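When you read off a place in the sequence shown, starting at 1, and then add 9, the result is the number in my numbering.
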Amino acid sequence: DTAYRERLAKLEALRKCDNACQQLKKDLKKAHGYIGKKPWQTGRKPSTKRRRRTTSDDSSEFEEWTDFTHHQWEAILSHGKSRAVDFQVEFSKMISEGLWEDG
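Given below as structure tokens:
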């Protein structure tokens with residue numbers, strides 16, 4: 010926890026925070042969230058709806074599983090999106106430098 014706060018404070022103190030800096034801050038916050046017992050529930054807002062009681066815990070186990078699975082997919086898609094953007098930037102550089110030709 011102390012290392013996280015120190016590292017984040019250094020990033021927050023930077024005068025200019027580029028995309029890499031923003032991504033590092035985001036990754037630090039995600040990693041810090043994984044310290045908890047159920048990281049997929051750390052950012053979850055409590056429901057204002059009253060839950061109906063059930064006779065078994067099957068529904069709560071299913072809800073926990075779906076929350077966890079949803080969290081995994083969010084992480085996978087977030088990573089894929091950032092890699093796609095990186096690829097687009099690098100490919101554009103290659104085209105502008107004449108390193109890639111069609112045909």
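For glycine and all other residues, C-beta sits at the position ideal for the given N, C-alpha and C.
The structure displayed is predicted, hence computed values, not measured ones.
Boundaries (first-last residue) of the alpha helix (DSSP H) holding residue i
i	result
Lys39	28-42
Gln15	Checking the displayed sequence, the identity of residue 15 turns out to be Glu instead of Gln. From DSSP, the alpha helix (DSSP H) with Glu15 extends over 11-22.
Distance cut-off 6 Å: residue i Cβ against heavy atoms of the ligand ADP
i	result
Gly107	Among the components modelled here there is no ligand, and therefore nothing to report on the ligand ADP.
Spatially closest choice to residue i from the options, by CA coordinates
i	options	result
Asn28	Ser68, Asp95, Glu73	Asp95
Lys38	Asp10, Glu70, Met103	Asp10
Ala12	Ala40, Gln31, Asp76, Ser91	Ala40
Whole-Å CB distance - residue i paired with residue j, under 8 Å assumed
i	j	result
Leu33	Leu20	6 Å
*Check whether the segment 75-83 touches the segment 12-24, taking contact to mean three or more Cβ pairs, one atom from each stretch, closer than 8 Å.*
Touching, no, given that fewer than three Cβ pairs across the two stretches are closer than 8 Å.
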